[in-house]
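Chemist: Just so you know, the protein sequences line up as chains A and B, in that order.
Residue 236 in my numbering sits at position 235 of the first sequence, and the numbers go up by one each step.
Residue 86 in my numbering sits at position 82 of the second sequence, and the numbers go up by one each step.
Where a beta carbon is used, it is the ideal one built from N, C-alpha and C, also for glycine.
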Amino acid sequence: MMAFVDALTAPHLSFLRYALIVGVLAGIPFGLVGAYVVARRISFIAGAISHCVLGGIGAALYCQNALGWTWCHPMLGALVAALIAALIIGLVSRRAREREDSVIVALWVVGMSAGLLFLARTPGYVDPMSYLWGNILLISKIDLWLVVGLDVIVGVLLFLFHNQLVAVCFDEEFARLRGLKADLYYLLLLFLTALTVVTLVRIVGIVLVIALITLPAAVAGALSRRLWQMMGLAVVFCIAFTTIGLGASYTLDLPSGPVIVVIAGACYLLVSLLKRLIRRFQK
Amino acid sequence: MTDKPGPVVAMENVSFSYDGRLVLENASFEVQDQELVCVVGPNGGGKTTLIKIMLGLEHPRHGRVRIFNAPPGETRGRIGYMPQHLQYDPLFPVTVLDIVLMGRLGTSGFRLRFSAKDREAAREALSEMDLADRAQSLFADLSGGQRQRVLIARAISCNPKLLLLDEPTANVDPKAEALLVDTIRALNKRMTVIMVSHDLGFVSDIVERVICVNKTVHIHPTSDVTGQVIRDVYGMDRRMVRHDHHSEKDLLDDGLR
Chain A
2 MMAFVDALTA PHLSFLRYAL IVGVLAGIPF GLVGAYVVAR RISFIAGAIS
52 HCVLGGIGAA LYCQNALGWT WCHPMLGALV AALIAALIIG LVSRRARERE
102 DSVIVALWVV GMSAGLLFLA RTPGYVDPMS YLWGNILLIS KIDLWLVVGL
152 DVIVGVLLFL FHNQLVAVCF DEEFARLRGL KADLYYLLLL FLTALTVVTL
202 VRIVGIVLVI ALITLPAAVA GALSRRLWQM MGLAVVFCIA FTTIGLGASY
252 TLDLPSGPVI VVIAGACYLL VSLLKRLIRR FQK
Chain B
5 MTDKPGPVVA MENVSFSYDG RLVLENASFE VQDQELVCVV GPNGGGKTTL
55 IKIMLGLEHP RHGRVRIFNA PPGETRGRIG YMPQHLQYDP LFPVTVLDIV
105 LMGRLGTSGF RLRFSAKDRE AAREALSEMD LADRAQSLFA DLSGGQRQRV
155 LIARAISCNP KLLLLDEPTA NVDPKAEALL VDTIRALNKR MTVIMVSHDL
205 GFVSDIVERV ICVNKTVHIH PTSDVTGQVI RDVYGMDRRM VRHDHHSEKD
255 LLDDGLR
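So, in structure tokens, the structure goes:
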């Protein structure tokens, strides 16, 4: 682990510093939004949104390299795709009388496939694997500022609408009767989920990002009584998982995404088992 | 805020269909200020639909609905509503007080944080429901009867003039049910109460009139709810168990009286 600490200060390893800073900063929206996502039981929607991100990244890279739109940064594509996916899921679940899970799965696979098709037609070699599983070598200063920006947006929106979001998550119909625009708040929650997902795509990748939305909040949920407690603890756990994971992945020379997720999963399992044991012991 | 004169609820020839199936047909009735009435009928007979129309959550195909002499939906601020407690996620991390505070949303525009006044109103509603000491408990840790009372507290925390209760006795043990009877009577002293129940015995104890819904709507004073009326509403004979908690033995009867 000391090697990791040394590496953080090494001038030629700036990507590692960036990765750590992004991981810590991203822990904030992941913990905050993850708590709502887990409490409202919409983790699978977060999964669909994150997989659609590949469609946006593919389209952006295609525009950049095939059409010469240099401003079309992959993360911009990721952001737009995530928001569109959230909007579609939100509208379908409210308006259309479709089976919600079918629509979510359709969006999940089509978004991902579209991304792979764009990448196949993008000139030059683009490795889809680095987006699917994350690659900290790709992290740049732009990502850093992106995460800072998203932190501010997510933080401000949650500060403003916490009570309303809790009410809508707990009992949508009642919230509507109290004059809240419940559909709008539900859509806001999906948008926040989309913004959050995008922040960590670089480090843990599209496929595994859902783990960091769900697992820290699930661990926190086992230890807290109220939503704001769950949010705070989830932030702490998320930052701990990414930091320890990055350290372990550097020390053991393993890919960062899977290491982070395995640590988070192990912690979740441990806490669940301990909670069950304690409950049995109390009886 | 003074109420305009006239009935609290007025429905005229209201028809409603869901997915092409006629659920309500030509329903007409009025509920006056300070009344305590009950909506009874078989499952799927349109009871909950009737409540949702009053709340403006469903819109009838035909007919006229007025709540406080205004279209439903416009007067929601004056209505307290208690849905059935079984639809809630038991793992959702909220305390009893959090839930009751939700009833304060929308009482005076947008709020960033709940004010001291909101908290006071929520605590008052909880003590009225005899749950002041459970304010910090988790909803999931409560019994069925307590959860029902938490939801009533949430409904009354905005000081409504009309209270709508959907199946207040569902999954509640007899002792808790007796407590609910007293609670509802006490609330009726300051607000109009309409409740839905499939439990005719519970109803006959406290209400003055029953609205019988089985696609069509009929009004009966409770004293008139006889075996014939029950046959008409439910389409069959129904063996009734009277819930008379004041006597030692429950009476078995073929009608209500």
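What would DSSP say about B:Asp254, mapped onto helix, strand or coil?
Modeler: In the second sequence, residue 254 of chain B corresponds to position 250, counting from 1. Because the pLDDT of B:Asp254 is 37, which lies under 50, any placement of that residue in the model is unreliable, and the number read from its coordinates should be weighed accordingly. B:Asp254 falls in the coil class under three-state DSSP.
Chemist: Comparing the C-beta of A:Ala218 with each C-beta of chain B, is any distance below 8 Å?
Modeler: Here the question's residue 218 of chain A lines up with position 217 in the first sequence. Output row for A:Ala218: interface = no.
Chemist: In the structure shown, what three-state DSSP assignment does A:Arg179 receive?
Modeler: Locating residue 179 of chain A in the first sequence gives position 178, where the first residue counts as 1. Reduced to three states, the DSSP call for A:Arg179 is coil.
Chemist: So, with DSSP's three-state summary, where would you put B:Arg68?
Modeler: As a working mapping, residue 68 of chain B is identified with position 64 in the second sequence. In this structure, B:Arg68 counts as strand in the three-state DSSP scheme.
Chemist: For B:Leu295, name the three-state secondary structure that DSSP assigns.
Modeler: Because chain B here runs from 5 to 261, residue 295 of chain B falls outside it and cannot be looked at.
Chemist: For A:Ser339, tell me which candidate among A:Ser114, A:Ile90 and A:Ala115 has the shortest Cα-Cα distance.
Modeler: This structure gives no information on residue 339 of chain A, because the portion of chain A shown stretches from 2 to 284.
Chemist: What are the residues of the stretch 168 to 186 of chain A that lie near chain B, defined by any Cβ-Cβ distance shorter than 9 Å?
Modeler: Here the close residues are Ala168, Cys170, Phe171, Asp172, Glu174, Phe175, Ala176, Arg177, Leu178, Arg179, Gly180 and Leu181.
Chemist: Per the contact definition of three or more C-beta pairs closer than 8 Å, is the stretch 175 to 190 of chain B in contact with the stretch 137 to 151 of chain B?
Modeler: The stretch 137 to 151 of chain B is in contact with the stretch 175 to 190 of chain B.
Chemist: Say whether chain A places a C-beta atom closer than 8 Å to the C-beta of B:Arg261.
Modeler: Here residue 261 of chain B is taken as the residue at index 257 of the second sequence, counted from 1. Unreliable positioning characterises B:Arg261 in this predicted model, as indicated by a pLDDT of 36, which lies under 50. The coordinate reading is nonetheless provided below. B:Arg261 does not count as touching chain A.
Chemist: Grab the span of the beta strand (DSSP E) containing B:His63 for me, first residue to last.
Modeler: Residue mapping note: residue 63 of chain B aligns to position 59 of the second sequence, counting from 1. No beta strand (DSSP E) holds B:His63; DSSP gives it neither H nor E.
Chemist: Please list, in chain order, all residues of the same chain as A:Ala168 whose beta carbon is under 6 Å from its beta carbon, the five residues on each side excluded.
Modeler: Walking along the first sequence from the start, residue 168 of chain A turns up at place 167. Taken in chain order, the residues that qualify are Ala176.
Chemist: Given a threshold of 16 other Cβ atoms within 10 Å of its Cβ, counted over all protein chains shown, does A:Ala333 qualify as buried or as exposed?
Modeler: Here chain A covers residues 2 to 284 and nothing more, so residue 333 of chain A does not appear.
Chemist: So B:Leu265 and B:Leu168 are in contact, right, with Cβ under 8 Å, and what is the actual spacing, rounded?
Modeler: Nothing can be reported for residue 265 of chain B, as the shown portion of chain B is limited to 5 through 261.
Chemist: Let's see if you can read the secondary structure: which residues bound the beta strand (DSSP E) around B:Tyr92?
Modeler: The sequence position of residue 92 of chain B within the second sequence is 88, counting from 1. First-last for B:Tyr92: undefined, no H or E at that position.
Chemist: Which residues in chain A have a C-beta closer than 7 Å to the C-beta of B:Arg80? List them in chain order.
Modeler: Translated into positions along the second sequence, residue 80 of chain B becomes position 76. What B:Arg80 touches in chain A: Leu178 and Gly180.
Chemist: Across the stretch 155 to 168 of chain B and the stretch 209 to 222 of chain B, are there enough close Cβ pairs to call them in contact, namely three or more that are closer than 8 Å?
Modeler: They do not touch, by the three-pair rule.
Chemist: Compare the C-beta of B:Tyr22 against all C-beta atoms of chain A and say whether one is closer than 8 Å.
Modeler: For the purposes of this step, residue 22 of chain B is taken as residue 18 along the second sequence, with counting starting at 1. Not an interface residue.
Chemist: Among B:Pro225, B:Thr220 and B:His224, which residue has its Cα nearest to the Cα of B:Thr53?
Modeler: Walking along the second sequence from the start, residue 53 of chain B turns up at place 49. Nearest of B:Pro225, B:Thr220 and B:His224 to B:Thr53, Cα basis: B:Thr220.
Chemist: Under three-state DSSP, which class holds A:Pro256?
Modeler: In the first sequence, residue 256 of chain A corresponds to position 255, counting from 1. Correct three-state label for A:Pro256: coil.
Chemist: Please list, in chain order, all residues of the same chain as B:Ser19 whose beta carbon is under 8 Å from its beta carbon, the five residues on each side excluded.
Modeler: In the second sequence, counting from the first residue as 1, residue 19 of chain B sits at position 15. So the qualifying residues of the chain are Leu26, Leu28, Glu29, Asn30, Ala31, Pro64, Arg65, His66 and Gly67.
Chemist: Is any beta-carbon of chain A found at less than 8 Å from that of B:Pro172?
Modeler: Working through the second sequence from its first residue, we reach residue 172 of chain B at position 168. Answer no: the Cβ-Cβ gap between B:Pro172 and chain A never drops below 8 Å.
Chemist: Buried or exposed for B:Lys51, please, with buried defined as at least 16 other CB atoms from any protein chain shown within 10 angstroms of its CB.
Modeler: In the second sequence, the residue the question calls residue 51 of chain B occupies position 47. When all chains shown are included, B:Lys51 counts as buried.
Chemist: Taking its Cβ as the centre, do 16 or more other Cβ atoms sit within 10 Å of A:Arg100, making it buried, or is it exposed?
Modeler: Here residue 100 of chain A refers to the residue found at position 99 when the first sequence is read from its first residue. A:Arg100 is exposed by the Cβ-count criterion.
Chemist: Between B:Ile57 and B:Gly77, what straight-line distance do the alpha-carbon atoms span, to the nearest angstrom?
Modeler: The residue labelled residue 57 of chain B in the question sits at position 53 within the second sequence. The residue labelled residue 77 of chain B in the question sits at position 73 within the second sequence. Rounded to whole angstroms, B:Ile57 to B:Gly77 spans 9 Å at the Cα level.
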